[in-house]
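Below: the structure, in structure tokens.
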Amino acid sequence: MEQHDTQHKEHKNTGYGIYILVWLGLVSLTLITVSLAGFNLAGLTVVTALLIASVKSTMVINYFMHIKYESVLFKVFIAICIIIFLVMIILTFFDLTYRPEILTK
Amino acid sequence: MEATINNENFYQYKGKHKGILGWLLTTDHKRIGIMYLAAMITFFVVAMFIGFFMRLELLTPGQTLMKPEVYNALFTLHGVIMIFLFIVPGLPAVFGNFFLPIMIGAKDVSFPRLNLLSWYLYMAGAILAVVSLFTGGGLPDTGWTFYVPYSIRSTSNVSTALFAAFILGFSSIVTGLNFIVTIHRLRCKGMTWFKMPLFVWGLYSTAWIQILATPVVGITLLLVIFERFFGIGVFDPALGGDPILFQHLFWIYSHPAVYIMILPAMGLVSEIIPTFAKKTIFGYGPIAMSSLAIAFVGYLVWGHHMFTSGISDTSRAIFSLLTFIVAIPSGIKIFNWIATLYKGSIEVRTPLIFVMVFIFVFSIGGLTGLVLGSLNTDIHVTDTYYVVAHFHYVMFGGMGTLFFGGLHYWFPKMFGKMFNEKVANFSVVLFMIGFNILYFPMFIMGYLGMPRRYYDFLPEFQIYHQISTIGSWVLVTAILIMIINLIVALKNGKKAGSDPWGGTTLEWTIPSPPPLENFDIEPEVTKGPYDRV
Amino acid sequence: MSQIHRDDFGSKMGMWLFLFTELLLFGGMFLLYAAYRFAHPAEFVLAAYRLDVTLGTVNTIILLTSSLTVVLGIVALQRNSKKLSIFFLSTTLAFGLAFLVNKYFEWGAKIHHGIYPKGPELANMSDGEGLYFGLYYAMTGLHGVHIVVGMIILAFVLVQIYKNKITSDNFVRFENAGLYWHLVDIIWIFLFPLFYLIH
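Protein chains in written order, with the numbering used here: chain A, 1 to 105; chain B, 106 to 638; chain C, 639 to 837.
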């Protein structure tokens, strides 16, 4: 059987404070990513935008969605989901990157 | 509690609702399984006869029975019904629902109401597929793959058919989700992961594919609908869209879907073989792990469906290479099955004959798959009857054979009746003969250049088409005998005991048919699923 | 049969698995986005100039705040303050509505200018820009549908809290509804920079 007790209920850190802090962090990151868009970062534009978005969603997942306090199993599940999604992207780009008519455009 | 031993089985139980409502509003996984079975056999027979008429059309060159448009609609229908209504959901929805909870010692699945919803979604999708035939611009004629740009341009009723497939995908997701949670949460005392029957491992791997691949095809089909109504351009070359991306997204799902079809079937083989070899399975761990491995590798190989579609040479080479990896876990399974049979006291009964037929035809399907998986040979036979033959050998010969194999294996448990084994054995052998007469000539004519999806052919192919059509008559006869034999057994069959085959997994420890909540006393497992001590 | 023992962990697991399917549903579209941005980088930048960054930023902050009020609502319920919980949840619904109203004006303005699939203005644009807007409508549209669904689910939760069906010791349905709402938020976290912030 699963090691986790079904009726474990008490979450740690169920204070209002931590959530408001996380929210402040999210809002500031939003403002940062908006202002960064004003600069010309050339090739790095997408990278920084996605990096900040990933940090933001990690915060949402960990705190708002409580994954930080959930069983390891859930983390493994999320990892599997992300890996499969990356596999889809990477293998598709093996096609796109080397397809001549796209490169010549 | 124990004083009132309940002798009622789940058919006799009278709940809140009586009669037909007792079925339509049930949350009992066994009743839902039976409802799926009834629906699926119906769809299978319909699609089988569609295939039968397609073969009749191909008896002579030129127009034999029907116009080309009708033929196009028929092969689309045959594909859509067989793939989306039978092969993909088949084993998980029928046998998964009925036996998964029993095999892990549970009373039901984790979300019984969601389970019923899944059945309704399945029926809604099926009905919508039927509606698409009689409304709008006529029967969909794109083939089951819905390739763009034709599926955007076709004036036939493609949108409804696409939406039907979308809903069916939803049904499949809900079933998968339910199974994963059930396997994680509801295993009985002592049922550790490595004491689970291998069919359950097959379902578990399948469920992950259902969850992580189905949404991709869902959105793809939805986008084609958007494309048809609004012209958003993402797949339409006239608007700058790339039709090859449709094929990528389509096969990102549809290749793993092949493993949705075959993994539970392989799990079923791992159930039947130890039962009739009268010894424990050889290599339990490797078989269980190879299911997970196949599920994962299944995500890496979709490009081999697109070798001639215009994808880059680099990715063609990579996909071709990755394709061969699938052979490793599949090989592990085959060798372990054979090792299980080795030195067993083999008892040849109907289900085991099914398994032997499976191993024979599936091996032909698998080996010809290598021809299709290697880039250079594939170019020669792409879109010919060779491909048609190959996937009928793996899909129908693989999943189809074992669907009926599983039905015979578990029939006594599901209905509490025994069928006439002599008739059943005869029908399996006839099935095997008809199957090979029908599909084997397709390899030859495909190799010689007969393209798929044509209602007409050049005279030099006539002999192969005729042999094939004769095979279809034999096969249909065999299947009808098989089904009628089971229906007769429902009425007149002898009562089956709780363990007619000498199986060792949990479902054989309870009465046939099972009582309402499966186990009167919650079972406790102390030994491996196939141990006979 | 209907009285199977309560399994909060199991229901949460089921919800997460469902979220994965939502993620991959959008994942398919993100894949298309990546492919077309890769093929038409300049056109995507050009097209993105037509979106209103301020409106997008405001909507981002609206959604983030609505996510916050959901978790605050759960905490409030855990601490037995039903009224406060209902207040927070209603705030979430109000924010959701505000998001949709914004979206309505944003889409309305675009459509007014003829920027929509098969629209007069879009017809003058390059293929790359057309694809950008095709994806823009498909992705933000589907996201909007998810907002609506999320609001319906949260409204159900609200009623159940009101009727004491969801209480401080049985609130897994609230948590699951919250998870769904956060997922919709996460998708927007990615949609926002990918559509609004490419210059």
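Beta carbons: idealized from backbone N, C-alpha and C, even for Gly.
Query: Cα-Cα, which of Phe737(C), Met651(C), Ile712(C) is closest to Phe725(C)?; Result: Ile712(C)
Query: At a CB distance below 8 Å, what residues from the stretch 80 to 102 of chain A approach chain B? Give them in sequence order.; Result: Ile80, Cys81, Ile84, Val87, Met88, Leu91, Thr92, Phe94, Asp95, Leu96, Thr97, Tyr98, Arg99, Pro100
Query: So, does the CB of Tyr404(B) fall closer than 7 Å to a CB anywhere in chain A?; Result: yes
Query: For chain A, find out if any of its Cβ atoms is closer than 7 Å to the Cβ of Thr419(B); answer yes or no.; Result: yes
Query: So what's Lys599(B) in DSSP terms, helix, strand or just coil?; Result: strand
Query: So Lys720(C) is in the alpha helix (DSSP H); what residue range does that whole segment cover?; Result: 720 to 750
Query: So, are the CB atoms of His409(B) and Thr428(B) less than 7 Å apart?; Result: yes
Query: With DSSP as the reference, identify every bridge partner of Glu629(B), one or two as the case may be.; Result: Lys294(B)
Query: Give the residues of chain C in contact with Phe331(B), contact being defined as C-beta atoms less than 7 Å apart.; Result: Ala776
Query: Find the residues of chain A that neighbour Leu684(C), judging by a C-beta separation of less than 7 Å, and give them in chain order.; Result: None at all; the shortest Cβ gap to chain A is about 14 Å.
Query: When Cβ atoms are compared, which residues of the stretch 28 to 39 of chain A fall closer than 7 Å to chain C?; Result: Thr30, Thr33, Val34, Ala37
Query: Any idea what DSSP makes of Pro620(B), helix, strand or coil?; Result: strand
Query: Run through DSSP, which three-state label would Asn808(C) get?; Result: strand
Query: Below 8 Å, how does it come out for the stretch 528 to 535 of chain B and the stretch 600 to 608 of chain B: are there three or more Cβ pairs, yes or no?; Result: no
Query: Taking Cβ positions only, does His409(B) come closer than 7 Å to chain A?; Result: no
Query: Our contact map puts Met296(B) next to Gly388(B) with C-beta atoms below 8 Å; I'd like the distance itself, whole angstroms only.; Result: The pair is not a contact, with the Cβ atoms about 20 Å apart (cut-off 8 Å).
Query: Taking only the alpha-carbon atoms, compute the straight-line gap between Phe331(B) and Ile337(B) and give it to the nearest angstrom.; Result: 7 Å
Query: Is DSSP giving Pro166(B) helix, strand or coil here?; Result: coil
Query: Pick out whichever of Lys384(B), Leu226(B), Leu126(B), Ser237(B) has its Cα sitting closest to the Cα of Leu179(B).; Result: Ser237(B)
Query: At a Cβ threshold of 7 Å, is Val593(B) touching chain C?; Result: no
Query: Quick one: is Val795(C) buried, meaning 16 or more other Cβ sit within 10 Å of its Cβ, or exposed?; Result: buried
Query: For Ile538(B), collect the residues of the same chain with a Cβ closer than 7 Å to its Cβ; drop the 5 residues on either side in sequence, then sort them by chain order.; Result: Val579
Query: How would you call Thr730(C), buried or exposed, if buried means at least 16 neighbouring beta carbons within 10 angstroms?; Result: buried
Query: Enumerated in chain order, which unbroken segments of the alpha helix (DSSP H) with a length of 4 residues or greater are wholly contained in the stretch 200 to 272 of chain B?; Result: 202 to 208, 217 to 239, 255 to 258
Query: By the three-class DSSP mapping on this structure, what secondary structure does Pro758(C) have?; Result: helix
Query: What is the DSSP secondary structure of Asn802(C), reduced to helix, strand or coil?; Result: coil
Query: Taking its Cβ as the centre, do 16 or more other Cβ atoms sit within 10 Å of Ser82(B), making it buried, or is it exposed?; Result: As displayed, chain B neither begins before 106 nor continues past 638, which places residue 82(B) out of reach and without an answer.
Query: Less than 7 Å between C-beta atoms, sequence neighbours within five positions excluded: which residues of the same chain meet that for Met500(B)?; Result: Ile192, Met366
Query: What are the start and end residues of each continuous alpha helix (DSSP H) run of 4 or more residues lying completely inside the stretch 641 to 713 of chain C, in chain order?; Result: 646 to 677, 679 to 686
Query: For my contact list, Leu715(C) and Ile791(C) are in at a C-beta cut-off of 8 Å; report their separation, rounded to the angstrom.; Result: Their Cβ separation, rounded to whole angstroms, is 16 Å, which puts Leu715(C) and Ile791(C) out of contact at 8 Å.
Query: Quick one: which residues of the stretch 649 to 660 of chain C get their C-beta closer than 9 Å to a C-beta of chain A? List them in chain order.; Result: Lys650, Met651, Trp654, Leu655, Leu657, Phe658
Query: Please list, in chain order, the chain C residues whose beta carbon lies closer than 8 Å to that of Thr319(B).; Result: Thr659
Query: Using the Cα positions of Thr6(A) and Phe771(C), report the straight-line distance between them to the nearest angstrom.; Result: Bear in mind that the predicted position of Thr6(A) carries a pLDDT of just 40, short of 50, making it unreliable; the figure below should be weighed with that in mind. Their Cα atoms are separated by approximately 47 Å.
Query: To test your reading of the DSSP string, which unbroken alpha helix (DSSP H) runs of 4 or more residues are found completely within the stretch 127 to 196 of chain B?; Result: 134 to 162, 173 to 185
Query: Given a cut-off of 7 Å, decide if Asp483(B) and Phe412(B) are closer than it, judged by their beta-carbon atoms.; Result: yes
Query: Are the stretch 118 to 125 of chain B and the stretch 169 to 189 of chain B touching, with three or more C-beta to C-beta distances below 8 Å?; Result: no
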